[in-house]
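Enquirer: My structure is below; once you've seen it, I'll send some questions.
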Amino acid sequence: MRRLLLLYSAVLTCTVSLAQIKPAQSPFTLQDTAKSAVSAKMLDLFSFPNLHKLPYYQHQRKLQSIRKAAQAKDTAKWYPQLYQYVRNFGVQNFFKDNQLLWQLAKLEEAQNDTVAAVGLYKLVLKHYTDGLAAKMARKNLEQFQLEQKEDYVPLEYYYELVEYRKEIDTLRPPRGVYLNMGKGINSASGDYGPSLSASNDVMLFTSKRNKLERGFKTYDNEDLMLSQNENGNWMDAVPLENINSPYNEGSACLSADGTTLFFSRCLAPDGLGNCDLYIAYRDNEGKWNTPLNLGASINSPYWDSHPSLSPGGDTLYFSSDRLGGFGLSDIYYTYKDEQTNWVPARNIGPTINTRGSEVSPFFHPKHQVLYFSSNGHLLNFGEYYIYKSYQEHNLWNEPKNVGPLVNGAGSEFYFTIDALSQNLYYARSVENNMGNLDLYSFPLPMEAQPLATVKIKGILTNSETGDPFNEGIVSVIDLDQGREVAPKFLKKDGSFSFELINNNNYLLIIQGEHFFRLEEIFFLSGDQEFNFETDPITSRLKFQNLEFDNGKAELKTEMYGDLNKIADFLLDNPYTKLRIEGHTDSDGDPKLNLQLSQNRADAIKEYLVSFSKIEDSRIEAIGYGSSRPIVEEVNDEDKTLNRRVEFNIVKE
């Protein structure tokens, strides 16, 4: 199955010189702007019209022509022919002809169309993780510095900093908290698969609390439960009448008007496969009619589950492991035709689906955003994680991982989001026991917000050398709504980027070991770029404003700004220590100067300990008097230079 087709071996021998090829003419002509041209090409190339027609597209004459053009390095013929061939791919081509995707990606890159190139490189890796094409695609993608798991600050470490700073920082990143939904919802058995009504006042979920007895044995039986929200409180869950049966029911969703129910039932006599999708209607008295199997045009002889309905009720998304898909399980969809009949189910395509498993599709009740869980996408934190994708002109955009605040150490699936995008509801197990899941709510962080599409980016450079600072933590605080934003490390080139909700106020914070903390308050109105320069921190620091009055050791108001910088640095770097060194000029009694310098160093330490809550053990204060001049004192300017306070940064 993983064998490369011998047919293309000759083509692969030509790929070593792809970087040197000249751009070829595009296979179609556009009269629009460059940005629109890219969008038009993506719409044309990534539509893959044969996905629902042919399992595998093959045309020997065209393949021979492509091979000859590749061997001759005739890009004027090679590129348009390869483009059209890839565009006609069926489902099986993405695995069997994976190297053709890579070749087209290199040709797109040679034309400086990085958007199309990156999209194609990603398709290579989504559908074939081994082999030469996959190896080269990984290498090719490195230059684009795409978001990686390593870009995110480990949450345990970051939250440690948040807790450490909370007594002194009035503006700090919020900390999301998982809230168990309580005994009215959860039971001693597994509870999972939540789904909310469009009005957010009804929750359906799957539970194993109602056991099934057969003979002398007791079995788990999955049933649908219902809870209503009254005055902000979820009432005790009750079984869904006329729906539950001796078979397993779960993964339900309601239409926007609450009159139509979709759910999965497994191993039923009228089922077509392992699990099937069913539909039920509520009558005028509020009772559910007998559920109906959605039929062979939607269900398969295999597993079909996890339904999610679009807000308009005309498109149904679900997951299936039927034959003919891209991976172990794929996301499919069906929609109503002009006669309001559901059309045969279709695969949602290679941008969403991978060689792995895609499950739990969830279409946002107010926005054109599809969420789903996957273990096959590139930015993955370990197992099943939640992604979101936007639909534009019937094309699904590259899915985005919603970040580590939602995607924890285990698997995240069976989830839902309320219509106001305030909370995400899903099942998790504190004891790491998947058989005893409980339902939790979690404040929906910025990365998972449907409207978080406006990009901010920036770079931090050394003001002395112009080189980028590539070590540091960048965080964003939502000053209006308090939505949490996952912090990131500066990239190797000193850059950073976030996607935020427009027309809100934010605080940008950059902290690190080699520079003082930078803060920027801004109102986001469209994409925005920040370019910062800052001085590097050396091991010994001296501030112009930290000059005491002659013969005195009292702090002055103008000193507080620099002292707060030092405090912020120590708070941002909890494993760093500070040595404060006080110095005087040579005027006066050396013994008195020694005591004066010690008093000055002690005064600064007391401020840092008392007002900035720095541990006493992290700061050492030493007075040297006039014993360590930096210049020979010839005039008053020399004496001013020697009257100083120096800070020595000590890293453990």
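The opening position of the sequence shown corresponds to residue 0 in numbering that gives the first Met the number 0, with each subsequent residue numbered one higher.
Glycine included, C-beta positions come from ideal geometry on N, C-alpha and C.
Predicted model only: the values in this text are computed from it and were never measured.
Hey, Ser328 and Ser319: beta-carbon distance below 8 Å or not?
Expert: For the purposes of this step, residue 328 is taken as residue 329 along the sequence shown, with counting starting at 1. For the purposes of this step, residue 319 is taken as residue 320 along the sequence shown, with counting starting at 1. Their beta carbons are under 8 Å apart, which means Ser328 touches Ser319 by this criterion.
Enquirer: What would DSSP say about Thr452, mapped onto helix, strand or coil?
Expert: In the sequence shown, counting from the first residue as 1, residue 452 sits at position 453. Note: Thr452 maps to strand in three-state DSSP.
Enquirer: What's the call for His126, buried or exposed, on a 16-neighbour Cβ count within 10 Å?
Expert: As a position in the sequence shown, residue 126 is number 127, starting the count at 1. Classification for His126: buried.
Enquirer: What's the C-alpha gap between Tyr331 and Ser388?
Expert: As a position in the sequence shown, residue 331 is number 332, starting the count at 1. As a position in the sequence shown, residue 388 is number 389, starting the count at 1. Tyr331 and Ser388: Cα-Cα distance of roughly 15 Å.
Enquirer: The beta strand (DSSP E) with Val649 in it runs from where to where?
Expert: The residue given as residue 649 occupies position 650 in the sequence shown. Per DSSP, Val649 belongs to the beta strand (DSSP E) from 643-650.
Enquirer: Please indicate yes or no: does the CB of Asn400 lie closer than 7 Å to some heavy atom of the ligand NAP?
Expert: Summarising the ligand content, the structure contains no ligands, and the ligand NAP is consequently not present.
Enquirer: Count Cβ pairs between the segment 146-153 and the segment 127-138 that sit closer than 8 Å; are there 3 or more?
Expert: The segment 146-153 is not in contact with the segment 127-138.
Enquirer: Going by Cα to Cα distance, which pick from Val123, Gln98, Asn139 is closest to Thr113?
Expert: Locating residue 113 in the sequence shown gives position 114, counting from the first residue. Among Val123, Gln98, Asn139, the Cα nearest to that of Thr113 is on Asn139.
Enquirer: Nearest-angstrom Cα distance between Leu291 and Ala267?
Expert: Indexing the sequence shown from 1 puts residue 291 at position 292. Indexing the sequence shown from 1 puts residue 267 at position 268. Their backbone Cα atoms lie some 12 Å apart in a straight line.
Enquirer: Name the residue from Leu106, Tyr156, Ala71 whose alpha carbon lies nearest to the alpha carbon of Ile472.
Expert: In the sequence shown, counting from the first residue as 1, residue 472 sits at position 473. For Ile472, the nearest C-alpha among the options comes from Tyr156.
Enquirer: Tell me the DSSP secondary structure of Glu519 in three-state form.
Expert: The residue given as residue 519 occupies position 520 in the sequence shown. It is a strand residue.
Enquirer: Which residue wins for smallest C-alpha separation from Asn220, given the options Phe371, Lys207, Asp588, Thr314?
Expert: Within the sequence shown, the letter at position 221 stands for residue 220. Nearest option by C-alpha distance: Lys207.
Enquirer: Which stretch, first to last residue, makes up the alpha helix (DSSP H) that contains Asn97?
Expert: Position 98 of the sequence shown, counted from the start, is the residue given in the question as residue 97. Counting along the chain, the alpha helix (DSSP H) containing Asn97 begins and ends at 97-109.
Enquirer: Apply the 10 Å Cβ neighbour rule to Tyr177 and answer buried if 16 or more other Cβ atoms are within range, or exposed otherwise.
Expert: For the purposes of this step, residue 177 is taken as residue 178 along the sequence shown, with counting starting at 1. Counting Cβ neighbours within 10 Å, Tyr177 comes out exposed, since fewer than 16 surround it.
Enquirer: How is Asn209 classed by DSSP in three states: helix, strand or coil?
Expert: To locate residue 209, count along the sequence shown from 1; it is residue 210. Coil at Asn209, not helix or strand.
Enquirer: Quick check: the segment 556-573 against the segment 625-635, are there 3 or more CB pairs under 8 Å?
Expert: Touching, no.
Enquirer: My output table needs one value for Thr32: the three-state DSSP class, helix, strand or coil.
Expert: For the purposes of this step, residue 32 is taken as residue 33 along the sequence shown, with counting starting at 1. Because the pLDDT of Thr32 is 31, which lies under 50, any placement of that residue in the model is unreliable, and the number read from its coordinates should be weighed accordingly. Residue state, collapsed to three classes: coil.
Enquirer: Can you grab the Cα-Cα spacing for the pair Cys265 / Tyr301, in whole Å?
Expert: Sequence index remark: in the sequence shown, residue 265 carries index 266 (1-based). Sequence index remark: in the sequence shown, residue 301 carries index 302 (1-based). About 10 Å.
Enquirer: Who are the near neighbours of Gly355 in its chain, counting only those whose CB is closer than 7 Å to its CB and skipping five residues on each side?
Expert: Within the sequence shown, the letter at position 356 stands for residue 355. Hits under 7 Å: Gly326, Leu327, Ser373, Asn374, Gly375.
Enquirer: Report the residue from Trp287, Ser198, Leu478 whose alpha carbon sits nearest the alpha carbon of Leu419.
Expert: Taking the first residue of the sequence shown as 1, we reach residue 419 at position 420. It is Ser198.
Enquirer: Could you tell me the alpha carbon to alpha carbon distance between Tyr425 and Thr464, rounded to whole angstroms?
Expert: Position 426 of the sequence shown, counted from the first residue, corresponds to residue 425. Position 465 of the sequence shown, counted from the first residue, corresponds to residue 464. Rounded to the nearest angstrom, the two C-alpha atoms are 49 Å apart.
Enquirer: Tell me the DSSP bridge mates of Trp341?
Expert: Numbered from its first residue, the sequence shown carries residue 341 at position 342. The partner list for Trp341 (beta bridge, DSSP) reads Lys335.
Enquirer: What did DSSP end up calling Pro48 once you bin it into helix, strand or coil?
Expert: Working through the sequence shown from its first residue, we reach residue 48 at position 49. Here Pro48 sits in helix by DSSP.
Enquirer: In whole angstroms, what is the alpha-carbon distance linking Met475 and Ile520?
Expert: One-based indexing of the sequence shown puts residue 475 at position 476. One-based indexing of the sequence shown puts residue 520 at position 521. Contrary to the premise, residue 475 reads as Val rather than Met in this sequence. For Val475 and Ile520, the distance between alpha carbons rounds to 10 Å.
Enquirer: Candidates Phe610, Ile385, Val368: which alpha carbon is nearest Asn396's?
Expert: The count along the sequence shown starts at 1 and reaches residue 396 at position 397. Nearest C-alpha to Asn396: Val368.
Enquirer: As an exercise, report each continuous beta strand (DSSP E) stretch of at least 3 residues that is fully enclosed by the segment 372-421, in chain order.
Expert: Entirely contained in the segment 372-421, the beta strand (DSSP E) runs reaching 3 residues are, in chain order, 384-391, 414-416.
Enquirer: Please look up how many angstroms separate the CB atoms of Leu478 and Pro467, rounded, as I've assumed it's under 8 Å.
Expert: On the sequence shown, position 479 is the one that residue 478 refers to. On the sequence shown, position 468 is the one that residue 467 refers to. Their Cβ separation, rounded to whole angstroms, is 28 Å, which puts Leu478 and Pro467 out of contact at 8 Å.
Enquirer: Determine the closest residue to Arg427 out of Trp341, Tyr191, Gln421, with distance taken between C-alpha atoms.
Expert: Mapped onto the sequence shown, residue 427 falls at position 428. It is Tyr191.
Enquirer: Of the residues Ser496, Glu645, Ser462, which one's Cα is nearest the Cα of Leu545?
Expert: One-based indexing of the sequence shown puts residue 545 at position 546. Among Ser496, Glu645, Ser462, the Cα nearest to that of Leu545 is on Glu645.
Enquirer: Nearest to Ser254 by alpha carbon, out of Tyr280, Pro238, Asp275, Asn592?
Expert: Reading the sequence shown from its first residue, position 255 is the one you call residue 254. That would be Tyr280, whose Cα lies nearest to the Cα of Ser254.
Enquirer: Measuring straight from C-alpha to C-alpha, what distance separates Tyr151 and Leu271?
Expert: On the sequence shown, position 152 is the one that residue 151 refers to. On the sequence shown, position 272 is the one that residue 271 refers to. The alpha-carbon atoms of Tyr151 and Leu271 are separated by roughly 44 Å.
Enquirer: Alpha carbon to alpha carbon, what distance is there between Ile500 and Asp31?
Expert: Reading the sequence shown from its first residue, position 32 is the one you call residue 31. Reading the sequence shown from its first residue, position 501 is the one you call residue 500. Note that Asp31 scores a pLDDT of 34, beneath 50, so its modelled location is shaky; the value from the coordinates is reported in the next line. So the alpha carbons of these two residues sit roughly 28 Å apart.
Enquirer: With H, G and I counted as helix, E and B as strand and the rest as coil, what does DSSP make of Gly175?
Expert: Numbered from 1 along the sequence shown, position 176 holds the residue referred to as residue 175. Three-state result, Gly175: coil.
Enquirer: Kindly indicate which residue of Ser250, Gly183, Val161, Gly481 has the alpha-carbon position closest to the one of Glu193.
Expert: Counted from its first residue, the sequence shown places residue 193 at position 194. Looking at the sequence provided, one finds Pro at residue 193 rather than Glu. Taking only the C-alpha atoms, the option nearest Pro193 is Ser250.
Enquirer: Please state the DSSP three-state secondary structure of Glu498.
Expert: Your numbering for residue 498 matches position 499 in the sequence shown. Looking at Glu498 - three-state DSSP - the assignment turns out to be strand.
Enquirer: Rounded to the nearest angstrom, what separates Ile242 and Leu223 at their Cα positions?
Expert: Your numbering for residue 242 matches position 243 in the sequence shown. Your numbering for residue 223 matches position 224 in the sequence shown. Distance between the alpha carbons of Ile242 and Leu223 is about 8 Å.
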